[in-house]
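Residue numbers (UniProt numbering): 1 to 229.
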């Protein structure tokens, strides 16, 4: 087992493992215990009382974080020529079609989100083995398959993220950067949790939000009181 550094020990000492923190307390504490030299990402891990193996208990959705993610999301717009100018004006980093389909076929996936049009989805099917495992396959449910390409691109650039419960029943989602003020982290966390609660499947029985943890890259995790959500 790797030995803890002095900073790691100091960070762990500041987190009371027997306490459930409010979102406000956790956001302020996180800024104290994040010691990385780079601007660390801040994430929420929410354990839900669902069985993801059952289709009627799958939790998936999108949320527009009011303060963005702090990350410059690289967007590829796979569109027909008549939509190219629209996508570029909205801020897409890469715009085109056949040349990018070929690059993806060859293994290129250096983007965070792919936005496309319904008529192009047929061409993306064969690329599922490349895009699927990386979470890059566009989906109408997340707003990345649409005729309003400009809106989809601008929303992603502004802080719209999609999330999906994993096979262990946990939703992992970014809510900002360590450089964000505590208030901004609180705002983003509340927006994500509110969205998750609205998506509670009717088939889910018992406690829906079982646990919430906030952490940044390499920081200890902070347990949050689920009654907030």
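Note that beta-carbon positions come from the ideal geometry of N, C-alpha and C, so glycine has one too.
Host alpha helix (DSSP H) of residue i (start-end)
i           : result
residue 184 : 182 to 198
residue 83  : Premise fails: residue 83 is in no alpha helix (DSSP H) and is neither H nor E.
residue 17  : Element bounds for residue 17: n/a, residue is neither H nor E.
residue 122 : 121 to 124
residue 9   : 6 to 13
Residue interval of the beta strand (DSSP E) (run including residue i)
i           : result
residue 216 : 209 to 216
residue 61  : 60 to 64
residue 160 : 160 to 164
residue 176 : 170 to 177
residue 223 : 222 to 224
residue 94  : 94 to 96
residue 113 : 113 to 116
Exposure of residue i, with buried meaning 16 or more beta-carbon neighbours within 10 Å
i           : result
residue 69  : buried
residue 137 : buried
residue 197 : exposed
residue 32  : exposed
residue 105 : exposed
residue 117 : buried
residue 159 : buried
residue 34  : buried
residue 177 : buried
residue 99  : exposed
residue 27  : buried
residue 155 : buried
residue 214 : buried
residue 57  : buried
residue 150 : buried
DSSP state of residue i mapped onto helix, strand, coil
i           : result
residue 27  : helix
residue 41  : strand
residue 48  : strand
residue 78  : strand
residue 142 : helix
residue 135 : coil
residue 229 : Residue confidence for residue 229 is low, a pLDDT of 43 falling below 50, so the modelled location carries little weight and cannot support an answer.
residue 57  : helix
residue 100 : helix
residue 219 : coil
Nearest candidate by alpha-carbon position, reference residue i, set the options
i           : options            : result
residue 63  : 210, 203, 152, 216 : 152
residue 8   : 216, 226, 169      : 216
residue 91  : 23, 57, 102, 76    : 76
residue 81  : 3, 114, 120, 213   : 120
residue 113 : 200, 78, 129, 54   : 78
residue 202 : 221, 89, 50        : 50
residue 15  : 219, 162, 227      : 219
residue 181 : 59, 163, 67, 5     : 67
residue 205 : 168, 48, 72, 179   : 48
residue 72  : 36, 41, 170, 130   : 41
Closer than 8 Å to chain C by CB, residue i
i           : result
residue 103 : Absent from the structure: chain C. Only one protein chain is present.
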